[in-house]
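First the structure, in the form of C-alpha cells, and then the observations on it.
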Amino acid sequence: MTSSNKTLLVLGATSGLAQAYLRLVSAEGAFGTYVLVARNGETLSTVRDDIAARSGAKVITITADLSDPDKILPVMEDVAKQHAGNIDEGFLAYGVLGDQKDFQDNASHLKDMLDTNFVSAVLWMETLAKVFETQGHGQLVVIGSVAGDRGRQSNYLYGATKAGLERVSEGMSHRFAANKDIAVTLVKPGFMDTPMTDHIAKGGPLWATADAVAQIIRKAVVKKRARIYAPWFWRWILLIIRAVPMPIFHKTKL
Amino acid sequence: MVKPVLSWGRAQRYDQTVVSLGRFETAFDGNRPLDGPVTFRGMGRSYGDVALNENGTLVQATGPDSVIAFDRETGILRARSGLTLADLHRITIPAGWIVAVTPGTKFVTLGGAVANDVHGKNHHTAGSFGAHVTALMLVRSNGERLLCSPSENADMFALTISGLGLTGYIEWVELQLKRITSSNLHVENRPYADLDEFFSLSEESADWPYTVAWLDCFSPEAALGRGVFSRARYVEHGPLNVKPADKAIKWPLEMPSFLLNRMSISAFNWLYRHRPAATFKGQQDYDPFFYPLDGILDWNKLYGHKGFFQHQSIIPMENGKAGVRELLEAIRREGQGSFLAVLKVHGKELSPGRNTFPYEGVSLALDFANRGRKTVDFLHRLDAIVLAHGGRMYPAKDALMTGETYRKTYPNWEALENARDPMISSSFWRRVTN
Ligand SMILES: Cc1cc2nc3c(=O)[nH]c(=O)nc-3n(C[C@H](O)[C@H](O)[C@H](O)COP(=O)(O)OP(=O)(O)OC[C@H]3O[C@@H](n4cnc5c(N)ncnc54)[C@H](O)[C@@H]3O)c2cc1C
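Order-wise, the sequence lines are chains C and X. full-length UniProt numbering puts the first residue of the first sequence at 1, with every later residue one more than the last. full-length UniProt numbering puts the first residue of the second sequence at 1, with every later residue one more than the last.
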C-alpha cells in the first residue's frame, strides 16, 4: 500500500520496459496515481489490473494511438478530467523497431515509423515540458537507444529517430538547467529482452532483461541524471564504435 | 527452435522444440499445428522429467505473470500462472500476506506449484498447495476454457491440482494467502541423536506450524538418522520485509564430480551438526528459513556435468520408522551419501488433488550424484524398500521409478489419463504409463 500522492504518466504503458518500470515503482510505493496510455486496450487493461494489484494505488487508463499528433490534446484533456492533480513524472516508452530493409523499400512504412518514434514523441515531450513549467516541477524519462550513436547500415533509420530524441532531451535539460525541480533523463538501452525483440535469437552477456534496465532507469531518475546507458558498459562499446575511423567502419557490416 | 533441455537434476538432457506460450495459443485453431505432444514448463525446478518432453514441444509458460486481482483485506490473490513465489511475495508481504504453503525454493511458478501440488514444512498443519487454491482457469487445446474450483468443474479441479500439467494450460490461479504480522519466524534448531528422538520431537512439536529435520546419512549404526530438528512459527510483532531481487549469487560452473565423495559429505555433515546455527534459537527472516538454497542460483551445477538424482519418498505412519531405517541402512551400505537429506512427518492431506504425493506419514528426501548405472540400480533398490513399506515416490523429484511402481502407488493415475488433454504429454508421463 502506498501513501504517496505523486502521479506517474506512462506513454506506451504496455511496452515490456514500461511494464518492468511500473512493477518496480509499484513495489516501492513511489506513486499514488498511475495514468497509463497505450494503443492496445486489451493489453492495457491487463497492465492496469496488474499495477493496481501490485501498488494498491489508483490506476487510470486511456486507450489512444500515441503516434497521432491530433490525439495529444484529447488525451491530455482526458487526463485532466480523470485526474485533477499534478503529473510528477512522465515516462515515454512507446516506439517501433521495424525493419531497415522494409523502410528502404516502403516510404509509407518509413513515414509511419518516423511519425511514431520521432514526430509524435517530440510533440509529447514538448507538451509535458509545458505542463511541468506550469506546475513548477516534473521529471521526464525518454527511452532512446544505443542505435542512435552512429549511423550503421543495419538500422540507421530507426537509429536516427533515437538520435533525434537525444538532441531534444539534451536541449531540454539545458533549457531547465537552472530549475532544480524539472529534469529530463534520456535512457539508452542496449539489447533488451522484451516482446519487441521476440523474433531475434537472444542470449549472451550483452542481453539485459527489462527488469534490470528498469532498475537502472529508476536509479538515474532518482539522481536526476540527464543521460544514461543501460547497462553502463554500452557507453564504452559505443565509444569504441564511434571512434572507429570511417574507412575501417565502412568495411564492416554492422 | 529444437534444443537440448536439462532437468533440474541435470541428469536428463533431451532435445525438444521450445516455443513461447503465444505459439501454443495460435496453435488452437489448427492453422499452425505444433510438432508432437506438448509439455508446459514453469521455472523448471522439478528435478526429473515432469517438465521435459523428449522429441516433442516444450511450451515456456513463464511469460505471462501479471496479477489479476489482489484483495488486501481478504488475502485472495488471482494471478497469471507464470508468476513466481519470489515475485508474489514482493507484492503480498508488505501488505501482511504470505503464500500458505511453499516448497523449499521460491523460484517456482503458480502453474508448477499447482501441477505438482507442492508441499512445505507445514504440511502437517496446512496440507499441500492445492488446499489453498480457491479457483483456477484451465485452457484445453480445443480452445475450451474451464473455470475450475471446489464447486465448479470440481472433478477437473481435483485432477488439475497434482495433474502434472496434463489436463491443460493453467492460465491463472486464485489463492487464499496466509495472514502474517511479521516476516520473521521464531526458530528453534536442535541436534537429535537418532530416529527415535526424531519421532518424539515431531510428536512433541505437532502444534508448531513448521517442522523439518536435516539428517546425516553417514552416522554410525547406533545413531542412525541423527540430525538437526528445526521448528518454527511466525512471530506476532515485527517488520514486514521482503528479500530484494538482486541479492542472490550465482554458482558459476559445473564442479568436478570427484569433489563430492564420502569424505567431503561426512565433513559437511559434521560441520552442519556442529555449526552454531545447529542449536540456534531465535528470530530468522522467512527467506533464509524457507529458502536456504536460493541464496546461490544454479547450485545444481555443484554435482558436475553428469548431474544428480533426487529421491523423495513417503511411507505411511505405521511403517514409517522401519521404512526410514531400512532406507538409511541401504544408503550406509552403499556409501553413496547425500548432502541434503530431509526428513519430515506429514499430516492428513487437505488438498483436493487426486494424485497429490503426501499423506499421513514420514517423508525422506535425498540427493545422489549421478554415477551412471550404479546409481540407477541403487535408486531402484531404494524404490523397492519404499514399496515394501507401502510408500511411494514424488513425481516432481523422480527420474527413475518404473511405470509399474508408479501405477501401483498412484491408483488415481487412470482418472488423470482419462482427463488428460489429448495434445499434452510429457517424458515423465510416457515413461510411467508405458
Ligand atoms: C531447491 C528446491 C527445493 C524444493 N523443495 C520442494 C518442497 O519442499 N516441496 C515440494 O513439493 N517441492 C519442492 N521442490 C520441487 C518444486 O517445488 C516443484 O518441482 C515445482 O512444481 C516446480 O515449479 P516450476 O514452476 O519450476 O515448474 P516446472 O518444474 O517447470 O513444471 C512442473 C510441472 O508443472 C507443469 N506446469 C508448469 N506450468 C504450467 C501451466 N501454466 N499450466 C499447466 N502445467 C504447468 C509442468 O508441465 C510440469 O508438469 C523443490 C525444488 C527445488 C529446486
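Glycine included, C-beta positions come from ideal geometry on N, C-alpha and C.
### Query
Mind checking if X:S66 is an interface residue toward chain C, Cβ cutoff 8 angstroms exclusive?
Translated into positions along the second sequence, residue 66 of chain X becomes position 66. So, interface residue.
#### Entry: Neighbour list for C:G30 in chain X, Cβ cutoff strictly below 7 angstroms
Your numbering for residue 30 of chain C matches position 30 in the first sequence. Contrary to the premise, residue 30 of chain C reads as Ala rather than Gly in this sequence. Within 7 angstroms Cβ-Cβ: nothing; C:A30 doesn't reach chain X, min ~13 angstroms.
### Message
Under 7 angstroms: does the beta carbon of X:W8 sit that close to some heavy atom of ligand 1?
### Response
Position 8 of the second sequence holds residue 8 of chain X. Because some heavy atom of ligand 1 lies under 7 angstroms away, the Cβ of X:W8 counts as near it: yes.
### Task
From the DSSP output, read off the bridge partner residues of X:Q312.
As a first step, residue 312 of chain X must be located in the second sequence, where it is residue number 312. X:A365.
#### Entry: Of the listed residues X:N434, X:R145, X:A267 and X:D285, nearest to X:P239 (C-alpha basis)
Counting from 1 along the second sequence, the entry for residue 239 of chain X is found at position 239. Nearest of X:N434, X:R145, X:A267 and X:D285 to X:P239, Cα basis: X:D285.
### Task
Compute every distance between the C-beta of X:N122 and the non-hydrogen atoms of ligand 1, then say whether any falls below 7 angstroms.
Here the question's residue 122 of chain X lines up with position 122 in the second sequence. Because no heavy atom of ligand 1 lies under 7 angstroms away, the Cβ of X:N122 does not count as near it: no.
### Message
Here's the rule I'm using: 16 or more other beta-carbon atoms within 10 Å means buried, otherwise exposed. How should C:M125 be labelled?
### Response
For the purposes of this step, residue 125 of chain C is taken as residue 125 along the first sequence, with counting starting at 1. Label assigned to C:M125: buried.
### Task
Rank X:P64, X:P422, X:L195 and X:R179 by C-alpha distance to the C-alpha of X:V362 and give the top, closest one.
Residue 362 of chain X sits at position 362 when you count from the first residue of the second sequence. Nearest C-alpha to X:V362: X:L195.
### Task
Go ahead and label X:Y132 buried or exposed: buried means 16 or more other beta carbons lie within 10 angstroms of its beta carbon, across all protein chains shown.
To locate residue 132 of chain X, count along the second sequence from 1; it is residue 132. Before going on, a small fix: residue 132 of chain X reads as His here, not Tyr. Classification of X:H132: buried, given that the 10 Å Cβ count is 16 or more.
### Query
Candidates X:L138, X:R13 and X:F107: which alpha carbon is nearest X:F428's?
For the purposes of this step, residue 428 of chain X is taken as residue 428 along the second sequence, with counting starting at 1. Out of X:L138, X:R13 and X:F107, X:R13 has the C-alpha closest to the C-alpha of X:F428.
### Task
Keeping to the same chain, check which residues put their C-beta closer than 8 angstroms to that of C:E170; ignore five residues upstream and five downstream.
Reading the first sequence from its first residue, position 170 is the one you call residue 170 of chain C. Here the set comprises L186, A226 and R227.
### Query
With X:A341 and X:L215 assumed to form a contact (beta carbons below 8 angstroms), what rounded beta-carbon distance in angstroms separates them?
The sequence position of residue 341 of chain X within the second sequence is 341, counting from 1. The sequence position of residue 215 of chain X within the second sequence is 215, counting from 1. Indeed, because the Cβ distance is near 5 angstroms, the residues count as touching under 8 angstroms.
### Limits of the unbroken alpha helix (DSSP H) element including X:L85
Locating residue 85 of chain X in the second sequence gives position 85, counting from the first residue. Taken as a continuous stretch (DSSP letters only), the alpha helix (DSSP H) holding X:L85 covers L85 to T92.
### Task
Find the nearest neighbour of X:A330 within the set X:H305, X:R381, X:W208 and X:I424, judged by alpha-carbon distance.
As a first step, residue 330 of chain X must be located in the second sequence, where it is residue number 330. Of the candidates X:H305, X:R381, X:W208 and X:I424, the one whose C-alpha sits nearest the C-alpha of X:A330 is X:R381.
### Query
Could you give the distance in angstroms between the alpha-carbon of X:E171 and the alpha-carbon of C:V79?
Against the second sequence, residue 171 of chain X aligns to sequence position 171. Against the first sequence, residue 79 of chain C aligns to sequence position 79. The alpha-carbon atoms of X:E171 and C:V79 are separated by roughly 33 angstroms.
### Residues of the segment 86-100 of chain X whose Cβ lies closer than 8 angstroms to any Cβ of chain C, in chain order
R90, I91, P94 and A95
### Task
Classify X:M423 as helix, strand or coil using the three-state DSSP reduction.
As a working note, residue 423 of chain X is residue 423 in the second sequence. Three-state DSSP puts X:M423 in coil, outside helix and strand.
### Message
For the segment 10-44 of chain C, list every residue whose C-beta sits within 7 angstroms of some C-beta in chain X, in sequence order.
### Response
A27
### Task
If I'm right that X:T160 touches X:L136 with Cβ under 8 angstroms, what's the distance once you round it to whole angstroms?
The sequence position of residue 160 of chain X within the second sequence is 160, counting from 1. The sequence position of residue 136 of chain X within the second sequence is 136, counting from 1. Going by Cβ atoms, the distance from X:T160 to X:L136 rounds to 7 angstroms, so yes, they are a contact pair.
#### Entry: Any non-hydrogen atom of ligand 1 within 7 angstroms of X:P103 CB
As a working mapping, residue 103 of chain X is identified with position 103 in the second sequence. Answer for X:P103: yes, Cβ within range of ligand 1.
### Message
My parser needs the beta strand (DSSP E) runs of 3 or more residues fully inside the segment 120-178 of chain X; what are they?
### Response
133-139, 145-148 and 169-176
### Message
Contact defined as beta carbons within less than 8 angstroms: I believe X:S426 pairs with X:L6. What is the distance between those atoms, to the nearest angstrom?
### Response
The residue labelled residue 426 of chain X in the question sits at position 426 within the second sequence. The residue labelled residue 6 of chain X in the question sits at position 6 within the second sequence. Rounded, the Cβ-Cβ distance is 15 angstroms, inconsistent with contact.
#### Entry: For C:V131, the residue or residues it bridges with in DSSP
For this step, residue 131 of chain C is matched to residue 131 along the first sequence. For C:V131, which the question treats as bridged, DSSP gives no partner whatsoever.
### Task
Give a yes or no on whether 8 angstroms exceeds the smallest Cβ distance from X:F199 to chain C.
Position 199 of the second sequence, counted from the start, is the residue given in the question as residue 199 of chain X. Not an interface residue.
### Task
Run the CB neighbour count on C:Q104, radius 10 Å, all protein chains shown included, and call it buried at 16 or more, exposed below.
Position 104 of the first sequence holds residue 104 of chain C. Exposed, because fewer than 16 other Cβ atoms sit within 10 Å of the Cβ of C:Q104.
### Query
How many angstroms separate the CA atom of C:M113 from the CA atom of C:L123?
Taking the first sequence and counting its residues from 1, one reaches residue 113 of chain C at position 113. Taking the first sequence and counting its residues from 1, one reaches residue 123 of chain C at position 123. Taking the straight line from one Cα to the other gives about 15 angstroms.
### Message
I need the boundaries of the beta strand (DSSP E) containing C:G138, first residue and last residue.
### Response
Here residue 138 of chain C refers to the residue found at position 138 of the first sequence. Looking at the DSSP string, the run of the beta strand (DSSP E) that includes C:G138 is G138 to I143.
#### Entry: Three-way DSSP call (helix, strand, coil) for C:K101 in this model
Taking the first sequence and counting its residues from 1, one reaches residue 101 of chain C at position 101. Residue state, collapsed to three classes: helix.
### Query
Could one say the Cβ of C:T46 lies closer than 8 angstroms to chain X's Cβ atoms, at least one of them?
The count along the first sequence starts at 1 and reaches residue 46 of chain C at position 46. Chain X, which has a Cβ nearer than 8 angstroms to the Cβ of C:T46, makes this yes.
### Task
Measure the C-alpha to C-alpha separation of X:R226 and X:H89 and round it to an integer number of angstroms.
Locating residue 226 of chain X in the second sequence gives position 226, counting from the first residue. Locating residue 89 of chain X in the second sequence gives position 89, counting from the first residue. If I take the Cα positions, the gap works out to 34 angstroms.
### Task
Check each candidate in X:I93, X:F107 and X:G112 and name the one with the smallest Cα separation from X:F40.
As a working note, residue 40 of chain X is residue 40 in the second sequence. Minimum Cα distance to X:F40 is reached at X:G112.
### Message
Please classify C:A107 as buried or exposed, where buried requires at least 16 neighbouring CB atoms within 10 angstroms.
### Response
Position 107 of the first sequence holds residue 107 of chain C. C:A107 is exposed by the Cβ-count criterion.
### Message
Taking a contact to mean a Cβ-Cβ separation below 8 angstroms, would you say X:G165 touches X:G353 in this structure?
### Response
In the second sequence, residue 165 of chain X corresponds to position 165, counting from 1. In the second sequence, residue 353 of chain X corresponds to position 353, counting from 1. No, these two residues do not count as a Cβ contact at 8 angstroms.
### Three-state secondary structure (DSSP) of X:M401
Reading the second sequence from its first residue, position 401 is the one you call residue 401 of chain X. Looking at X:M401 - three-state DSSP - the assignment turns out to be coil, as it is neither helix nor strand.
#### Entry: Outcome for X:K397 when other beta-carbon atoms lying within 10 angstroms are tallied against a minimum of 16
For the purposes of this step, residue 397 of chain X is taken as the residue at position 397 of the second sequence. That one is buried.
### Message
Between C:N86, C:M192 and C:K219, which has its C-alpha nearest C:L206's C-alpha?
### Response
On the first sequence, position 206 is the one that residue 206 of chain C refers to. The shortest C-alpha separation from C:L206 is found at C:M192.
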